Structure formats: structure tokens, C-alpha cells
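Student: A single structure is presented below for examination.
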Amino acid sequence: MTRVLIARNLPERVVEEARSLFDITYRDRPDPMSREETVESLLDFDGVLPTLGDRYSGGVFAAAAAAGEVRARILANFGVGYNHIDIAAARSAGLVVTNTPGAVTDATADVALTLMLMSCRRAAEGERLVRSGGWQGWHPVQMLGLHMTGKTVGILGMGRIGQAIARRAHFGFGMTVAYASRSEKTLEFPALYVKSAVDLAAQVDVLVIAMPASPETHHAVDAQILGAMKPTAHLVNIARGDIVDEAALIDALQAGRIAGAGLDVYEHEPDVPAALRALDNVTLLPHLGTATLEVRESMGRMAVANLRAFFAGEAVPNPV
1228 MTRVLIARNL
1238 PERVVEEARS
1248 LFDITYRDRP
1258 DPMSREETVE
1268 SLLDFDGVLP
1278 TLGDRYSGGV
1288 FAAAAAAGEV
1298 RARILANFGV
1308 GYNHIDIAAA
1318 RSAGLVVTNT
1328 PGAVTDATAD
1338 VALTLMLMSC
1348 RRAAEGERLV
1358 RSGGWQGWHP
1368 VQMLGLHMTG
1378 KTVGILGMGR
1388 IGQAIARRAH
1398 FGFGMTVAYA
1408 SRSEKTLEFP
1418 ALYVKSAVDL
1428 AAQVDVLVIA
1438 MPASPETHHA
1448 VDAQILGAMK
1458 PTAHLVNIAR
1468 GDIVDEAALI
1478 DALQAGRIAG
1488 AGLDVYEHEP
1498 DVPAALRALD
1508 NVTLLPHLGT
1518 ATLEVRESMG
1528 RMAVANLRAF
1538 FAGEAVPNPV
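What follows is the structure in C-alpha cells.
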């Protein structure tokens, strides 16, 4: 029977479905695999269902090839992002890589709007004030934030998730939408296409990062883009942490060059710099983008469907 490794703990119904199809080894743990484990997975299993944090670098594929015959034929990634997998190295080693787009779109867009509101309205700061016992009651100029309705949102990356965020912002809050993307899009709502990310940053009230992570987008949001933003503007990141130069963001927040930030992802997860954690003008979430049971089950079913199709000799539904 086909041997498949599930690399981390998943919803039980996903595991049960996988077990009905394959000989499953279930690594029922929350921590990502070590380098040694990823190398061994390529040697011991026909397929692997990895997750964010399970790093299949070029070095891992090279080490597996040096240690013996690479048995694995597919990495069925749990998640839409795959920057933790060296796709070129996987293909050179003869592996197919798949992901789970679609299932994550609405949940991730919802968290983007959550962070937009929390940052603009200083919700996390206010919650900390109440919990600390320091709140002295309502008064007319307490914790004044940014009124988001009618403002301009800028989207960096207008793929599925970027469009879902823009749709919510436009139809739900009457926001003007501007965006920068690799190409101009045909959309169901009015939106201004801006070719330069710096020009986009300069004209919006909330800048939302929704672009995929790749070597080309590493630190794409740097000191120049942060410096172009209005001092009243907010930055939101629900994409990948290393798209933002975290040191430059901390500097901008500490100096008050932007009003605030809402982050669900970090450059070196799970490590969050103490300087970032100490700031009141940043909202910090623990990578909650797709964290609902129904979404995680849907992602898992998509990953299992990719595995089933591959080993049945069919075209995989979601190739990378």
C-alpha cells in the first residue's frame, strides 16, 4: 500500500480520510519537522503532506539523494503558500508539488479586515488598557483612531486573496481601492491600478500586503515603501512575514512615521522581536489566517485529493 507521511497534527476527519486511502504515518505534533526528518521523509515515504514550516530546501533534496534513492514522488502541501519548498529542487528530484488554493481565500481576507479594523481603531491597545485596570472611563478624545469607512485601501498583490480583501473593503466599508500587481486586473468593482508599489504606498490610508512570498518578494516592503506612507496610514500583512523588512517596520513604528500596523505573519516565525512586542501601535496575531475548523478541514481534504489523484495516475487538481 502507498506510504504517506502526514507531517503535523491535522483535523481528525482529514487524517481519517487519508487513512482510508493510504498507509499513513501520522506525526501528531504541532512543531515543524527537523532537517533530518525532512530528509528521511523523502527516503521512507511515497508521498508527504507537509505544512508551513516543514522546510524542503535544495539542501534537503541533495542530502536525501546522497543518502540513498529518493522514494517520495509528491509533496502535497497543506496551504496555498509554498515558499518553504524549493520547487526547482523538488522537480529536479522527480517530485510533483501541489497546494491548496481557494480554500484559504475567504478566511485569510476576513483576518485582513480584522487587522485593518483593529489597527485603525486601536482595538488591541484598548483591550490591553481595559485588562490592565488602567481605563478611567469614556471621554471625548480618548484613543482616537482612523475612521476606516470611505478611506483608501491599497492592495499589494491582487490575486484571489487580494481581490477578496478589496471586495470586502469596497462593498463593506465604501473604501476606494488601489492596487499594485504584476498585471492589471479585470475586477467587479472600481479599482485604480498603480504600477509602482512606492506610489501606491504614498496615496493610501491602509496598505495591505497580499502578495505571494518568493525570493523576489523578500523585503519587498522596505524602508522606502514605509517611508512613502502617510504618517496617518496603517500597514497590514497577512501574506508572509519576510515580505516586510521587519527592522525597517519597527523603526517606522517607533518613530511614528506610520500610525500603526496589523500583523498575522512574521519574518522569523515563531520568533517575534521584543521591540515589536513592546509597541502599542501594532496589533499582533499568531498566524490565524486560516484558523477555523471548516477551513482547515477543507485544506486537508484538498491535500488528500491531490495525493489520491496522483497515485491513481490522474492529473492532480492543484499543481504548483
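Numbering-wise (our numbering), the sequence shown opens with residue 1228 and increments by one.
The C-beta atom is built at its ideal place from N, Cα and C for all residues, glycine as well.
Source: prediction; values computed, not measured.
(1) Compute the Euclidean distance between the alpha carbons of L1276 and I1382, then round it to the nearest angstrom.
(2) Roughly how many whole angstroms lie between the Cα atoms of I1314 and A1299?
(3) With contact counted as at least three CB pairs below 8 Å, one residue from each stretch, are the region 1385–1404 and the region 1413–1421 in contact?
(4) Kindly indicate which residue of G1487, A1466 and L1322 has the alpha-carbon position closest to the one of H1514.
(5) Quick one: give me the first and last residue of the beta strand (DSSP E) that D1250 is part of.
(6) Taking the Cβ atom as the reference point for each residue, do L1414 and Q1390 lie within a distance shorter than 9 Å?
(7) Among I1452, E1496 and F1249, which residue has its Cα nearest to the Cα of D1478?
(8) I'd like to confirm the pairing. Which residues does DSSP put opposite R1230 in its beta bridges?
(9) Rank V1448, R1230, P1546 and H1495 by C-alpha distance to the C-alpha of G1280 and give the top, closest one.
(10) Using the DSSP secondary-structure output, state which residues sit across from G1487 in a beta bridge.
(11) Roughly how many angstroms separate the alpha carbons of L1269 and A1290, rounded to a whole number?
(12) V1323 lies in the alpha helix (DSSP H); which residues open and close that run?
(13) From the DSSP secondary-structure annotation, give me the bridge partner or partners of F1305.
(14) Roughly how many whole angstroms lie between the Cα atoms of T1325 and A1316?
(15) Excluding the 5 residues preceding and the 5 following T1376 in the sequence, name in chain order all residues of the same chain whose CB lies nearer than 6 Å to its CB.
(16) Identify whether T1517 lies in helix, strand or coil by the three-state DSSP scheme.
(17) For the beta strand (DSSP E) containing I1382, list its first residue and its last residue.
(18) Less than 9 Å between the beta carbons of N1236 and R1262, yes or no?
(19) What residue range does the alpha helix (DSSP H) around V1287 cover?
(20) What first and last residue would you give for the alpha helix (DSSP H) that runs through L1342?
Tutor: Looking at the coordinates:
(1) So the alpha carbons of these two residues sit roughly 31 Å apart.
(2) 14 Å
(3) yes
(4) Nearest to H1514 by alpha-carbon distance, out of G1487, A1466 and L1322, is A1466.
(5) D1250 to Y1253
(6) With respect to the 9 Å criterion, L1414 and Q1390 are classified as neighbours on the basis of their beta carbons.
(7) In terms of Cα proximity to D1478, the closest of I1452, E1496 and F1249 is I1452.
(8) D1250
(9) The option with the nearest alpha carbon to G1280 is H1495.
(10) H1461
(11) 10 Å
(12) Unbroken run through V1323 is the beta strand (DSSP E), V1323 to T1325; no alpha helix (DSSP H).
(13) T1278
(14) 14 Å
(15) F1400 and G1401
(16) Reduced to three states, the DSSP call for T1517 is coil.
(17) T1379 to L1383
(18) No, these two residues do not count as a Cβ contact at 9 Å.
(19) G1285 to A1294
(20) T1332 to C1347
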